[in-house]
Amino acid sequence: MRHAFSLVASMEHNLNNSPDWDKFRIFCMFTWCFFFVVTFLIHIISIIQFHSLIPISWKNLTMMVALLGALMSLSSFVVFPWRVMDHTTVSARAVAAAVASGLTFLAYVFESCVLRTQAHEQRGYISSLPGFLKIIQLWGGLQMIPLILSISNLQTGPDWQRWVPYVSYGVCVFISLITLVVILGDFAGRCLLPFDRFLAAFSLIGVLLYMLATVICLTKILQMSETESKQNYPNMVIVETVVSSITLLAYTVDLAFSIKLLCDRSHM
4 MRHAFSLVAS MEHNLNNSPD WDKFRIFCMF TWCFFFVVTF LIHIISIIQF HSLIPISWKN
64 LTMMVALLGA LMSLSSFVVF PWRVMDHTTV SARAVAAAVA SGLTFLAYVF ESCVLRTQAH
124 EQRGYISSLP GFLKIIQLWG GLQMIPLILS ISNLQTGPDW QRWVPYVSYG VCVFISLITL
184 VVILGDFAGR CLLPFDRFLA AFSLIGVLLY MLATVICLTK ILQMSETESK QNYPNMVIVE
244 TVVSSITLLA YTVDLAFSIK LLCDRSHM
């Protein structure tokens, strides 16, 4: 990962000259730098055995970083060649940066598998399927940041088609962050209401908001004019629709798990 952002930082040339390339370049650089720093700190804390003094769930934190790092590295591995690299000239540094991002993705996937093979009592909530769905939900919201920044400069439709999805994505990212903070801090027992009800309510809100955003994305695809079709706008909207659909599926499955959990507890 360090090699990826070091290579990209040293190659201002041989990058794409499209108007939105800088947004995706910042996205890739932030992903590589952030997870490099977080992973480095986790290794240092593990070596000095300092994690017992940190008031967070260590088993959930390590699994969350591994899963989210894998998904974000995969996104950078796809986004960097697609929107950042200059396709007219082949740069060895650019190719090496993309390969480094792909290797980082594989490393995080391997770490996630290793953490999943631990004993059941050593695994946290994030290691379960509902926990993984929470990571996918956060990942989907984070992917929308560079996409909506690029689409907002090209969209010519009504303003409500622009702002309704943006508000939906923002609310869902905020909800995902709150959920993960509660899980990492082991604050579930301190909630005024049972935390499983909060999770069910958050999942229902996510389903409704992402369903609305996905429908609007499909509407924008059908309403694209010939002028917009000649630009990068269709590709961006299609990617937004795909990511929104994946995130909607994650929220829907998560809602089904939450409802099943509530029903099981009501019969106990």
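In our numbering, the protein residues as written are 4 to 271. Here a beta-carbon is modelled for each residue, glycine too, at the ideal position from N, C-alpha and C. Here the structure is a predicted model, which means the values were calculated and not measured.
#1: Could you give the DSSP three-state label for M227: helix, strand or coil?
#2: Considering only C-alpha positions, which residue in the set G188, T250 and G209 is nearest to I57?
#3: For S79, collect the residues of the same chain with a Cβ closer than 7 angstroms to its Cβ; drop the 5 residues on either side in sequence, then sort them by chain order.
#4: Look at the Cβ atom of S171, then the Cβ atom of L207, and state whether they are nearer than 8 angstroms.
#5: Give every residue of the same chain whose Cβ lies closer than 8 angstroms to the Cβ of F135, excluding the five residues on either side of it in the sequence, and list them in chain order.
#6: Once you ignore the five residues that flank N63 on each side, which residues in its own chain have a CB closer than 7 angstroms to its CB?
#7: Give the range of the alpha helix (DSSP H) segment to which M147 is assigned.
#8: Between the C-alpha atoms of I249 and G143, what's the straight-line distance to the nearest angstrom?
#9: In terms of alpha-carbon separation, which member of L212, F198 and F108 lies closest to R268?
#10: I138 to M67, Cα distance in whole Å?
#11: Enumerate, from N- to C-terminal direction, the unbroken alpha helix (DSSP H) stretches of 4 or more residues contained entirely within the region 35-87.
#12: Where do the N-terminal and C-terminal ends of the alpha helix (DSSP H) with I129 fall, by residue?
#13: Check each candidate in V82, L44 and R200 and name the one with the smallest Cα separation from I148.
#14: Per DSSP, what kind of secondary structure is S247 in: helix, strand or coil?
#15: Out of curiosity, what's the CA-to-CA distance linking R96 and R28?
#16: Under 7 angstroms Cβ to Cβ from F205, same chain only, skipping five residues before and after it: list those, please.
Well, looking at it:
#1: The answer is coil: DSSP assigns M227 none of H, G, I, E or B.
#2: G188
#3: C31, T34, W35 and S104
#4: no
#5: L70 and I129
#6: Result list for N63: G127, Y128, I129, I186 and L187, in chain order.
#7: L132 to I154
#8: For I249 and G143, the distance between alpha carbons rounds to 8 angstroms.
#9: F198
#10: 7 angstroms
#11: 61-82
#12: No alpha helix (DSSP H) contains I129, which DSSP labels as neither H nor E.
#13: V82
#14: Helix, per DSSP.
#15: 14 angstroms
#16: Cβ neighbours of F205 within its own chain (closer than 7 angstroms, five residues either side excluded): I178 and T182.
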